[in-house]
Every structure is written in structure tokens, then in C-alpha cells.
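Engineer: The structure follows.
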Amino acid sequence: MTARTLALVAVLAIAAGGGWLSRGWFEDAQRLTALEAAQAATSQALARESVIAGVVEARLATLDANQRVIDRGVIREIQKPIYRRVCLEPDAVRLLNDAAAGRAPDSADAADALPADAAGAG
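Below you can see the structure in the form of C-alpha cells.
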């Protein structure tokens, strides 16, 4: 082998090694760009969703407060003695109390409550 052939082989090896190295740098730069774009999109989505979550939490906090006020008002009206037997008959109040307690109404009372034509219709 001559010196010229050896020099040519060395130049080709250096060129191939340089090309391989620069191709690796290029691919790494592309991967880095893709990663940065994905991270930017993720951070933008998280920021947008956190703003939406803040708005929803603020709205839920106001709704929760309104619901508590309504519940308290209903409880106060039921506890007033004027409302206990004015609107409903004592039998209806007893049926409502039984339903609230989870008890089934008496079968004799339920049969007496149906009109005569309703019993034969079934």
C-alpha cells in the first residue's frame, strides 16, 4: 500500500466518522426540539386546565353556600309548631313519618284508604 492510498483511506475514514457524528448531532437536535415542543404544549394545557379548575371551584363554593342556606331554611320551617298539623291530616302525617323512618304502612290502613272502585280495577 502506498502512502497515497493510506492517506485516502484515512481521509475517507475521517469523513465517514465526521458524517456519522454530525448526523447524530442533527438527530439529537431534532429530538430535543420535539421534546421541548411537547413540554411547552403540556405546560400550556396544564395552565389552561388549572384556570378552568379554579373557576369551577369558585363556582362550586358559591353553590355549596347557597345549598346550605336553603337546607337550614327548610329545617327551621319544619320545626315550627305552626306547620305540624295545619297542612296535613294526622293520618297523612303518620304515613309521612313512617315513610321517613323506612317503615311500611299498616296493611289494614292501606286497604281502607283505597276507594271501592279502585280495588276492582286491578
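Residue numbering for the sequence shown is 139 to 260, as defined by the working numbering.
The beta carbon of each residue, even a glycine, is placed where N, CA and C say it ideally should be.
What is the DSSP secondary structure of G156, counted as helix, strand or coil?
Structural biologist: Helix, per DSSP.
Engineer: Please state the DSSP three-state secondary structure of P228.
Structural biologist: If DSSP states are grouped into helix, strand and coil, P228 belongs with the helices.
Engineer: By how many angstroms is the C-alpha of A151 removed from the C-alpha of W163?
Structural biologist: Spanning the two alpha carbons is a distance of roughly 18 Å.
Engineer: Rounded to a whole number of angstroms, what is the C-alpha to C-alpha distance between L173 and A141?
Structural biologist: About 47 Å.
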